[in-house]
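In our numbering, the protein residues as written are 2 to 171. Written below as structure tokens is the structure these notes are about.
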């Protein structure tokens, strides 16, 4: 067996192009398989980082013949909640880009308009301040914003006095 290994190494050193192509092919194959497994593992095998995420269901407005869908408004989510008796809970969100103005200047931020019960439904509690209340969704109620951890760290330096600051969103 040791003799065979020595012979294989000698042949690989003699045929340098063959060795380079073989090593490059193996590296690309292993790298591609690792990347595909990483994506597949994250999206298909590992659930979302929320309790009972295997029981989540995503509802959207649209049709099979239309290539896009629309996020359900809070009114539609409320109607679904009233009429659906077989769900533990029903909450909604609408992703959107917003222009935020504050003492740091203006910037475009990725945001979500959510129903007030979504964070508690997902088991998420804010590190600072309070969560959303049902009264926050009432007409003419003062606007309330919850920052993601990333935005809090990046734009506000993780400072605890961020609670109560004014942010103007368009």
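Beta carbons: idealized from backbone N, C-alpha and C, even for Gly. No experiment lies behind these values; they were computed from the predicted model shown.
Is residue 120 near residue 138, with beta carbons less than 7 Å apart? no
Give the secondary structure of residue 95 by DSSP, where H, G and I count as helix, E and B as strand, and everything else as coil. strand
Please determine if the segment 93–112 and the segment 68–78 are in contact, where contact requires at least 3 C-beta pairs separated by less than 8 Å. yes
Option in 44, 51, 34 and 39 with minimal Cα separation from residue 125: 51
By alpha-carbon positions, which one of 169, 67 and 41 ends up nearest to residue 109? Distance check between residue 109 and each of 169, 67 and 41 places 169 closest, using alpha-carbon atoms only.
Considering only residues of the same chain and omitting the five flanking positions on each side of residue 181, which have a CB-CB separation below 7 Å? Residue 181 lies beyond the stretch modelled for the chain, which goes from 2 to 171, so this question has no answer here.
Less than 7 Å between the C-beta atoms of residue 142 and residue 136, yes or no? The answer is yes: Cβ separation under 7 Å.
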